[in-house]
Amino acid sequence: EVAGLVGDEKSIRGSYMGSCVPVRDIPRFIDLYKRGKLPVDALISDTIPLSDINAGFDRLAAGVTIRQILVPHGER
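Numbering of the sequence shown is given in my numbering, commencing with residue 2 and proceeding in unit increments.
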């Protein structure tokens with residue numbers, strides 16, 4: 002509601018890629034991952050073939066999965 006947004010002095014802030022600076026941050030993320038300090042694997046809920054992309058979006062919308070890896074040719 003607009004009244005709550007204004008009255009409670011709330012703000013909306015967008016971000017792209019978590020507002021990271023890719024040239025600076027991606028090498029850091031890779032280093033952290035390699036040292037076991039960034040548990041990316043724990044965030045992957047499923048690996049699905051590209052042909053199942055619509056079902057994958059449905060699972061995301063339903064909150065059943067967190068992150069999915071899409072495989073172009075269906076290999077798992």
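Positions of the beta carbon are idealized from the N, C-alpha and C atoms, including for glycine.
Any idea what DSSP makes of residue i, helix, strand or coil?
i     : result
Pro73 : coil
Pro23 : helix
Arg14 : coil
Would you decide whether residue i is buried or exposed? Buried here means 16 or more other CB atoms lie within 10 Å of its CB.
i     : result
Gly57 : buried
Could you work out which residue in the options is closest to residue i when comparing CA atoms only?
i     : options                      : result
His74 : Leu51, Asp26, Ala4 and Gly15 : Leu51
Val72 : Val24, Gly37 and Asp53       : Asp53
**OP:** Mind the definition here: the region 60-70 touches the region 41-49 only if three or more C-beta pairs lie below 8 Å; say whether that holds.
**Re:** By the C-beta criterion, the region 60-70 is judged to be in contact with the region 41-49, since at least 3 inter-stretch pairs fall below 8 Å.
Subject >> Every unbroken alpha helix (DSSP H) inside the region 26-70 [4 residues or more] >> reply: The DSSP assignment places complete alpha helix (DSSP H) segments of no fewer than 4 residues inside the region 26-70 at 41-44 and 54-63, in order along the chain.
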